[in-house]
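> Next up is a structure, given as structure tokens.
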Amino acid sequence: MTVIVPVRDRPDLLAKLTKSLASARKAARSEIQGEVVCIVVDDRSKVAPSLPGDLPGRVIASAGPGPGTARNTGAQAATSAWLLFTDSDCAVEPDWLLAAARHLRDPTKHVVQGDPTRYSQSTVYGAREEALYRHMFATYVAADRLRTKMLDSRNLLVRRDALLGVGGFDTSGLDAMAESRTLAARFRAAGTELHYAEDMVVRHEAPASLDHEMAAKFRHGRGRVGVWGRRPPEEAAMAWRYFAEPLGKGMDPGYVFPVHIAFLAGYSHETCASPTDLPTRVLRLLPEAALHSAAIEAGFRWLRRSEG
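Shown next as structure tokens:
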């Protein structure tokens, strides 16, 4: 297996990740046939990244800007049949490689999505984002918890030939946007089943602040144009998915509203004819159904429960 990590700056977080990878590799050494190596793909870092001495691998320069291009560069450089993708702001659990090895032994599996919803609890926002993302991602996972319609490259096991066969990751974005979602669409179009494995666990770094996570959601919203095109889902459906449903499940409205407003603002930023249209477009994407009915009612229910 080859573990591929795109990175741009963040040397402290990369050091945490590579330390966790070295520990996971040591734990799996007796169970995995063949070598496990790491390829760190540098995407325009100010300071060149490095690997610790106890983690075999190399650092290479990306063939172009953006995380999609960096991941494709790593896939092209790898020589193993299987690729494991994670991100530089994550840390893998000690049994991550062992869990991956169990799945790659199944000849029917070409794409395996690990659990992408775990967060460290180093800030108060870790638990909030974990609860929100766990809810959002669960809507893509089959009832038997064995298949998914969506991918997240922070925790992804894939056969190299399957990835290259669909053209790899989307390379149009200069920042992390929606390249994992467009990859899922490419695999589905090719008839490749997307398996889900909750026993493969990584933990994403907790959002440092609410502003930090809003900025991330804005980028993700910009990337959603590659999934939705220039015509988003019906407003009532978005009101339910992004506001009423999570609030109805007891999530903090002080977190849900700002991060999902930022997400929709990012999408609107990409689809507005003019920057001056952005405020109107965002408000139109936040319909009265979200602001004055279902979402507010769900928020009041949450408040009543918390006060009781």
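Just so you know, we're using the numbering used here here: the sequence shown kicks off at 21 and counts up by one. Glycine is no exception: its CB is placed at the ideal position from the N, C-alpha and C atoms. Since this is a predicted model, take the numbers as computed values, not measurements.
If contacts are defined as beta-carbon pairs under 8 Å, then residue 67 and residue 31 qualify, I think. What distance do you get, rounded to the angstrom?
Going by Cβ atoms, the distance from residue 67 to residue 31 rounds to 6 Å, so yes, they are a contact pair.
> Run through the DSSP bridge pairs and tell me what residue 78 is partnered with.
Answer by DSSP bridge pairing, in chain order: 59.
> Are there 16 or more other CB atoms within 10 angstroms of the CB of residue 144, so buried, or fewer, so exposed?
That one is exposed.
> Look up residue 51 in the DSSP assignment and say whether it is helix, strand or coil.
Residue state, collapsed to three classes: coil.
> If we ignore side chains and look at the alpha-carbon of each, how far apart do residue 309 and residue 57 end up?
Bear in mind that the predicted position of residue 309 carries a pLDDT of just 40, short of 50, making it unreliable; the figure below should be weighed with that in mind. Going by the C-alpha atoms only, they are around 51 Å apart.
> Taking residue 285 as the reference, which of 152, 25 and 234 has the closest Cα?
Comparing Cα-Cα distances from residue 285 to each of 152, 25 and 234, the minimum goes to 234.
> Under three-state DSSP, which class holds residue 189?
Looking at residue 189 - three-state DSSP - the assignment turns out to be coil, as it is neither helix nor strand.
> Please state if the CB of residue 123 and the CB of residue 112 are separated by a distance shorter than 7 Å.
No, the pair does not count as a contact, with Cβ atoms beyond the cut-off.
> Output needed for residue 150: all residues of its chain with C-beta closer than 7 Å, excluding positions within five of it in sequence on either side, in chain order.
Cβ neighbours of residue 150 beyond the five flanking positions: 137, 138 and 139.
> Where residue 204 and residue 170 are concerned, what is the direct C-alpha to C-alpha distance, given to the nearest angstrom?
C-alpha separation (whole angstroms): 6 Å.
> Rounded C-beta distance between residue 59 and residue 24? I'm assuming under 8 Å.
Correct: roughly 5 Å between the Cβ atoms.
> Which residues does DSSP list as the beta-bridge partners of residue 141?
Residue 141 is not bridged to any residue.
> The alpha helix (DSSP H) spanning residue 230 covers which residue range?
Looking at the DSSP string, the run of the alpha helix (DSSP H) that includes residue 230 is 230-243.
> Bridge partners of residue 279, per DSSP?
According to DSSP, which records beta bridges pairwise, residue 279 is partnered with nothing at all.
> Could you please give the first and the last residue of the uninterrupted beta strand (DSSP E) stretch that includes residue 179?
Element bounds for residue 179: 175-179.
> Would you kindly check if the distance between the Cβ of residue 104 and the Cβ of residue 120 is under 7 Å?
The answer is yes: Cβ separation under 7 Å.
> Throw me the rounded Cβ distance for the residue 175 and residue 134 pair, which I believe falls under 8 Å.
Going by Cβ atoms, the distance from residue 175 to residue 134 rounds to 4 Å, so yes, they are a contact pair.
> From 86, 72 and 48, pick the residue whose C-alpha is nearest to that of residue 118; which is it?
Per the Cα distances, 48.
> If you scan the segment 112-168 from start to end, which runs of the beta strand (DSSP E) of 3 or more residues do you find wholly inside it?
Taking only runs of at least 3 residues, the beta strand (DSSP E) segments lying wholly in the segment 112-168 are 131-135.
> Within 10 angstroms of its Cβ, does residue 166 collect 16 or more other Cβ (buried), or is it exposed?
When all chains shown are included, residue 166 counts as exposed.
> Which value, in whole angstroms, describes the spacing of the CA atoms of residue 315 and residue 91?
Residue placement at residue 315 cannot be trusted, given a pLDDT of 49 that sits under 50; the coordinates are not used to answer.
> Measuring alpha carbon to alpha carbon, tell me which residue in 259, 200, 271 and 280 is nearest residue 87.
Looking at the Cα atoms, 200 is the closest of the given residues.
> I need the DSSP call for residue 225, collapsed to helix, strand or coil.
It is coil, neither helix nor strand.
> So, for residue 172: in the same chain, excluding its five sequence neighbours on each side, which residues have a beta-carbon less than 8 Å away from its beta-carbon?
Contacts found: 133, 136, 157 and 200.
> What first and last residue would you give for the alpha helix (DSSP H) that runs through residue 202?
Where residue 202 is concerned, the enclosing alpha helix (DSSP H) stretches over 199-209.
> Hey, how far is the Cα of residue 114 from the Cα of residue 186?
Their backbone Cα atoms lie some 31 Å apart in a straight line.
> Taking the alpha-carbon of residue 37 as reference, which of 89, 253 and 108 has the nearest alpha-carbon?
The candidate whose alpha carbon is nearest that of residue 37 is 108.
> Relative to the alpha-carbon of residue 110, which residue among 275, 180 and 33 has its alpha-carbon at the smallest distance?
The shortest Cα separation from residue 110 among 275, 180 and 33 belongs to 33.
> Of the residues 210, 198 and 222, which one's Cα is nearest the Cα of residue 283?
The shortest Cα separation from residue 283 among 210, 198 and 222 belongs to 198.
> Based on the DSSP secondary-structure assignment, which residues constitute the bridge partners of residue 171?
Residue 171 pairs with nothing; no bridge assigned.
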